[in-house]
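Input: a single structure, listed below in structure tokens.
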Amino acid sequence: MPIPKTLSLSDIEIAYLEWNNPQQPPVLLLHGLADQAVVWSCLGEQLAPHYHIVAPDLRGHGESSKPEENHYIAVIGITRYSNNID
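All the letters of the sequence shown, read from the start, carry residue numbers -3 to 82 under the numbering used here.
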């Protein structure tokens, strides 16, 4: 079962699911447009014994915070997020 977590940065919160197996290689699962991290639930369960799985809700999706402006670049949020993964 994944553990729901939240990464809080100065201006955003990124919700993510983590299948915690830190001794294994990390795998970052990114959902598509208009989706959220739970789309990876079945695959995450299958991969969890062999990998440390992290599946974020991209900004403006799922439980992650919504941007204050009408537009944003999702890549910036993911880059900032990936720099904070242990």
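Glycine included, every Cβ here is placed at the ideal spot set by N, Cα and C.
Check: Report the CB separation of A51 from Y12 in whole angstroms; it is logged as a contact under 8 Å.; Outcome: 6 Å
Check: Considering only the beta carbon of each residue, do W36 and L25 sit closer than 7 Å?; Outcome: yes
Check: So, H48 versus P18, is the Cβ gap smaller than 7 Å?; Outcome: yes
Check: Locate the alpha helix (DSSP H) running through S37, then write down its first and last residues.; Outcome: 37 to 43
Check: Between S78 and E9, which are expected to be in contact by the criterion C-beta below 8 Å, what is the C-beta distance as a whole number of angstroms?; Outcome: Actually they are not in contact, since the Cβ atoms of S78 and E9 sit about 16 Å apart, beyond 8 Å.
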